[in-house]
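Asks: Dumping the structure here so I can ask a few things about it.
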Amino acid sequence: MIDGVGLGGREQTAMSMTEIQRDLTQAQKMELVGLLAGGIAHDFNNVLAIVLGHTGLLLNEPLSARQLKRVEAIHSAGERATALTRRLLLFSRREMRQPRVFDLNALIVELMKMLHRLIREDIEFVTRLSGEPARVMADPGQIEQVIINLTINARDAMPGGGVLTIETAVVDVAGGPGNPDTPGARSVLLTMTDTGPGMTDDVKAHLFEAFFTTKAPGEGTGLGLATAQGIVKQSGGEITCESELGRGTTFTISLPQVVDEVAPMADPWVYSDLPRGTETILLVEDDGDVREIAGEILTQQGYRVLNARDGDTALQLLERHPRPIHLVLTDVVMPGTSGRKLAEQACALRTEMKVLYVSGHPDDVVLHAGVFDGSVPFLRKPFTPLGLARKVRETLDLR
Ligand SMILES: Nc1ncnc2c1ncn2[C@@H]1O[C@H](COP(=O)(O)OP(=O)(O)OP(=O)(O)O)[C@@H](O)[C@H]1O
Ligand SMILES: [Mg+2]
Numbered sequence: 231m232i233d234g235v236g237l238g239g240r241e242q243t244a245m246s247m248t249e250i251q252r253d254l255t256q257a258q259k260m261e262l263v264g265l266l267a268g269g270i271a272h273d274f275n276n277v278l279a280i281v282l283g284h285t286g287l288l289l290n291e292p293l294s295a296r297q298l299k300r301v302e303a304i305h306s307a308g309e310r311a312t313a314l315t316r317r318l319l320l321f322s323r324r325e326m327r328q329p330r331v332f333d334l335n336a337l338i339v340e341l342m343k344m345l346h347r348l349i350r351e352d353i354e355f356v357t358r359l360s361g362e363p364a365r366v367m368a369d370p371g372q373i374e375q376v377i378i379n380l381t382i383n384a385r386d387a388m389p390g391g392g393v394l395t396i397e398t399a400v401v402d403v404a405g406g407p408g409n410p411d412t413p414g415a416r417s418v419l420l421t422m423t424d425t426g427p428g429m430t431d432d433v434k435a436h437l438f439e440a441f442f443t444t445k446a447p448g449e450g451t452g453l454g455l456a457t458a459q460g461i462v463k464q465s466g467g468e469i470t471c472e473s474e475l476g477r478g479t480t481f482t483i484s485l486p487q488v489v490d491e492v493a494p495m496a497d498p499w500v501y502s503d504l505p506r507g508t509e510t511i512l513l514v515e516d517d518g519d520v521r522e523i524a525g526e527i528l529t530q531q532g533y534r535v536l537n538a539r540d541g542d543t544a545l546q547l548l549e550r551h552p553r554p555i556h557l558v559l560t561d562v563v564m565p566g567t568s569g570r571k572l573a574e575q576a577c578a579l580r581t582e583m584k585v586l587y588v589s590g591h592p593d594d595v596v597l598h599a600g601v602f603d604g605s606v607p608f609l610r611k612p613f614t615p616l617g618l619a620r621k622v623r624e625t626l627d628l629r
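Count along the sequence shown from 1, then add 230; that gives the number in this note's numbering.
This is how it looks when you write it as structure tokens:
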């Protein structure tokens, strides 16, 4: 799919294409896919924000049954496109982390439908889920990615068929990962066991290294387990492997158990009770259509909205506006002053003001800027009316 991208595309002769293909290592291919995905994500997420915003609002207006059906169809197409973009970004590992509390058992039950399609019929799938809720704090999309890779690895290890067992358990730990000696701390364990040939000590020693693969070129990148380890560690957990030649393989992931309530899985269809407010919000967004729909949603919820198309305009407004501004809602990536720079200068001007960042841009530069370590209010694009209204209220209510 990516061969020839940026290299002259169709004009390349067959000969030079083969050379190029040979020269592009798997890693470079991943990098290219990542660049491509990252490049389109910003614009594409803006487009989706417009679609989901308008259809979301329409769903709250009186519609005939026929119209409702059509608007629902557009809305769900928008959601499908959102999921697709996310998957592409996840694959290229440029997706932003969105940790939240969820039940690992519920996620596995949902995921099984897809996993069944991934494995062949000669592999028996056994699931044993813990009786008590297996609540963890992580990015559910990333955890899905980890389970998918472990499933594919097990499938590939059992070309002649076998059994793959997925199990969860909640266990007591003292001083386990993420539970530094807290009495009563518990861990959620996810184990995936296959009846494949197992691994040699040599393979075991390199398992989690990036680009380590025993698969043929084109069949594996060797990034699966390296990514999995990164994801699990980021979530305060650990991934380990037990394997012996001739005795199969078991991967164990342990994550700290969380006792908080589980956040709702998806936005409901009808946004009957969107959170409201009367505060003044400065909306900074360079895409006019996105600005318009976001402004409309917020105005409808009772807020007073000031608009700015870029950082400089926003700063002028902040200096001039005679009354309090309670929140700056700003895009992160904009031409000129970036959202982050703007926020710094804005907060110096008005110390009481809150900042909420919005972005559909998965660029590493943004990630490394330290904005998204979870401590700073952030809303992912595309947003639905409910998502926007909730996050704005939540940010305004931070003390
Ligand atoms: N269940 C397993 N049984 C036997 N060997 C395994 C198993 N899981 C992983 N391995 C070994 O570990 C290597 C690395 O796995 P990893 O998932 O990181 O990369 P990959 O599967 O080769 O490629 P990718 O996941 O990027 O497509 C595999 O190539 C394989 O040799
Ligand atoms: Mg793999």
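All C-beta atoms, glycine included, are put in the ideal place defined by N, C-alpha and C.
Note that the coordinates shown come from a computational prediction; the quantities given were computed from them, not determined experimentally.
Measure from the alpha carbon of A577 to the alpha carbon of each residue in G566, T508 and H556, then state which is nearest.
Replies: In the sequence shown, counting from the first residue as 1, residue 577 sits at position 347. The amino acid at residue 577 is misidentified as Ala; the sequence shows Cys. Ranking the options by Cα distance to C577, first place goes to H556.
Asks: Go to K584, then tell me how far its beta strand (DSSP E) extends in each direction, as first and last residue.
Replies: The count along the sequence shown starts at 1 and reaches residue 584 at position 354. In the DSSP assignment, K584 falls within the beta strand (DSSP E) that extends over K584 to S589.
Asks: Using a Cβ-Cβ cut-off of 7 Å (strictly less than) and excluding sequence neighbours within five positions of K611, which residues of its own chain qualify?
Replies: Position 381 of the sequence shown, counting from 1, holds the residue named residue 611. N275, N276, A279, V588, S589 and G590, listed in sequence order.
Asks: If you follow the beta strand (DSSP E) that I373 is part of, which residue opens it and which one closes it?
Replies: Reading the sequence shown from its first residue, position 143 is the one you call residue 373. First-last for I373: P370 to A387, but that is the alpha helix (DSSP H), not the beta strand (DSSP E).
Asks: Return the residue from the list N290, Q297, I270 and L475 that minimises the CA-CA distance to L314.
Replies: For the purposes of this step, residue 314 is identified with residue 84 of the sequence shown, where counting begins at 1. Ranking the options by Cα distance to L314, first place goes to I270.
Asks: CB of G450 to nearest heavy atom of ligand 2: below 8 Å?
Replies: What you label residue 450 is simply residue 220 of the sequence shown in a count that begins at 1. Checking the Cβ of G450 against ligand 2 gives yes.
Asks: Ligand 1 heavy atoms versus the CB of K445: any closer than 8 Å?
Replies: Position 215 of the sequence shown holds residue 445. Yes, since a heavy atom of ligand 1 falls inside the 8 Å radius drawn around the Cβ of K445.
Asks: Compute the Euclidean distance between the alpha carbons of I382 and P427, then round it to the nearest angstrom.
Replies: Along the sequence shown, one-based indexing puts residue 382 at 152. Along the sequence shown, one-based indexing puts residue 427 at 197. C-alpha separation (whole angstroms): 15 Å.
Asks: Does DSSP put L337 in a helix, a strand or coil?
Replies: Here residue 337 is taken as the residue at index 107 of the sequence shown, counted from 1. The answer is helix: DSSP assigns L337 an H, G or I state.
Asks: Using the beta-carbon count (16 or more within 10 Å), is N335 buried or exposed?
Replies: Indexing the sequence shown from 1 puts residue 335 at position 105. The residue is buried, with at least 16 neighbouring Cβ atoms inside 10 Å.
Asks: Return yes when at least one heavy atom of ligand 2 lies under 8 Å from the C-beta of L420, else no.
Replies: Position 190 of the sequence shown holds residue 420. It does not: the Cβ of L420 is nowhere closer than 8 Å to a heavy atom of ligand 2.
Asks: So what's F481 in DSSP terms, helix, strand or just coil?
Replies: On the sequence shown, residue 481 is found 251 positions in, with the first residue counted as 1. Three-state result, F481: strand.
Asks: Can you pull the DSSP bridge partners for L419?
Replies: Position 189 of the sequence shown, counted from the start, is the residue given in the question as residue 419. DSSP, once it has assigned bridges, lists A399 and S484 as partnering L419.
Asks: Taking one C-beta from the segment 375-392 and one from the segment 504-516 each time, how about it: are there three or more such pairs within less than 8 Å?
Replies: no
Asks: Which one of M344, L394 and E362 has the shortest CA to CA distance from I353?
Replies: Stepping through the sequence shown from its first residue, residue 353 is reached at position 123. It is L394.
Asks: Rounded to whole angstroms, how far is the Cβ of D516 from the Cβ of P565, which I believe are closer than 8 Å?
Replies: Position 286 of the sequence shown, counted from the first residue, corresponds to residue 516. Position 335 of the sequence shown, counted from the first residue, corresponds to residue 565. Yes, D516 and P565 are in contact; Cβ-Cβ is about 6 Å, under 8 Å.
Asks: Could you spell out where the beta strand (DSSP E) holding A456 opens and where it closes?
Replies: Taking the first residue of the sequence shown as 1, we reach residue 456 at position 226. Not the beta strand (DSSP E): A456 falls in the alpha helix (DSSP H), residues G454 to Q464.
Asks: Applying the criterion that 16 or more other CB atoms from any shown protein chain within 10 Å of the CB defines a buried residue, is A496 buried or exposed?
Replies: Locating residue 496 in the sequence shown gives position 266, where the first residue counts as 1. Note that A496 scores a pLDDT of 44, beneath 50, so its modelled location is shaky; the value from the coordinates is reported in the next line. Looking at its Cβ environment, which holds fewer than 16 other Cβ atoms inside 10 Å, A496 is exposed.
Asks: Using a Cβ-Cβ cut-off of 6 Å (strictly less than) and excluding sequence neighbours within five positions of D627, which residues of its own chain qualify?
Replies: Translated into positions along the sequence shown, residue 627 becomes position 397. Closer than 6 Å at Cβ, skipping near neighbours: no residue.
Asks: Terminal residues of the continuous beta strand (DSSP E) containing I349?
Replies: For this step, residue 349 is matched to residue 119 along the sequence shown. Neither: I349 is in no beta strand (DSSP E) and is coded neither H nor E.
Asks: Which value, in whole angstroms, describes the spacing of the CA atoms of D369 and T543?
Replies: Here residue 369 refers to the residue found at position 139 when the sequence shown is read from its first residue. Here residue 543 refers to the residue found at position 313 when the sequence shown is read from its first residue. Going by the C-alpha atoms only, they are around 35 Å apart.
Asks: Taking the beta carbon of G569 as the centre, do at least 16 other beta carbons fall within 10 Å, making it buried, or is it exposed?
Replies: Here the question's residue 569 lines up with position 339 in the sequence shown. So G569 ends up on the buried side.
Asks: In whole angstroms, give me the CA-to-CA distance for T625 and T457.
Replies: Along the sequence shown, read from residue 1 onward, the residue named residue 625 stands at position 395. Along the sequence shown, read from residue 1 onward, the residue named residue 457 stands at position 227. Each residue's alpha carbon lies about 32 Å from the other.
Asks: Apart from the five residues on each side of it in sequence, which residues of its chain come closer than 6 Å, Cβ to Cβ, to Q328?
Replies: Counting from 1 along the sequence shown, the entry for residue 328 is found at position 98. Cβ within range, chain order: D369.
Asks: I need the straight-line Cα distance from F332 to L453, nearest angstrom please.
Replies: Along the sequence shown, one-based indexing puts residue 332 at 102. Along the sequence shown, one-based indexing puts residue 453 at 223. Their backbone Cα atoms lie some 26 Å apart in a straight line.
Asks: Less than 9 Å between the beta carbons of T560 and V535, yes or no?
Replies: Start at 1 with the first residue of the sequence shown, and residue 560 comes out as number 330. Start at 1 with the first residue of the sequence shown, and residue 535 comes out as number 305. Against a cut-off of 9 Å, the Cβ pair of V535 and T560 comes out as no contact.
Asks: For the alpha helix (DSSP H) holding L545, just list the boundary residues, first then last.
Replies: One-based indexing of the sequence shown puts residue 545 at position 315. Run containing L545: G541 to R550, per the alpha helix (DSSP H) assignment.
Asks: Answer yes or no: do T421 and E449 have a C-beta to C-beta separation smaller than 9 Å?
Replies: Along the sequence shown, one-based indexing puts residue 421 at 191. Along the sequence shown, one-based indexing puts residue 449 at 219. In this structure, E449 does not lie closer than 9 Å to T421 by Cβ.
Asks: Using C-beta distances below 8 Å, list every residue in its chain close to L545, excluding the 5 sequence neighbours before and after it, in chain order.
Replies: Position 315 of the sequence shown, counted from the start, is the residue given in the question as residue 545. Cβ contact annotation for L545 (same chain, cutoff 8 Å, sequence separation greater than five): T567, L572, Q575, A576 and L579, in chain order.
Asks: Could you spell out where the alpha helix (DSSP H) holding R570 opens and where it closes?
Replies: Reading the sequence shown from its first residue, position 340 is the one you call residue 570. Run containing R570: G569 to L579, per the alpha helix (DSSP H) assignment.
Asks: Looking at G391 and ligand 1, is the gap between the Cβ and the nearest heavy atom below 8 Å?
Replies: Translated into the one-based positions of the sequence shown, residue 391 becomes position 161. The answer is no for G391.
Asks: Can you list, in chain order, the residues of its chain whose CB lies under 6 Å from that of V376, leaving out five sequence neighbours each side?
Replies: Residue numbering aside, residue 376 sits at position 146 when the sequence shown is read from its first letter. Taking C-beta separations shorter than 6 Å and ignoring five residues to either side along the sequence, the partners of V376 in its chain run A458 and I461, following chain order.
Asks: Under a three-way DSSP split, which group does Y533 fall into?
Replies: Counting from one through the sequence shown, the residue named residue 533 turns up at place 303. Three-state result, Y533: coil.
Asks: If you count every other CB in all the chains shown that lies within 10 Å of the CB of G308, and 16 or more means buried, which is it?
Replies: Counting from 1 along the sequence shown, the entry for residue 308 is found at position 78. Its Cβ being crowded by 16 or more others within 10 Å, G308 is buried.
Asks: Let me make sure I understand the geometry here. Which of V488, A524 and K463 has the alpha-carbon closest to that of T482?
Replies: Mapped onto the sequence shown, residue 482 falls at position 252. Out of V488, A524 and K463, K463 has the C-alpha closest to the C-alpha of T482.
Asks: Taking only heavy atoms of ligand 2 into account, decide whether any of them is closer than 8 Å to the Cβ of L455.
Replies: For the purposes of this step, residue 455 is taken as the residue at position 225 of the sequence shown. Checking every heavy atom of ligand 2 against the Cβ of L455, one is found closer than 8 Å.
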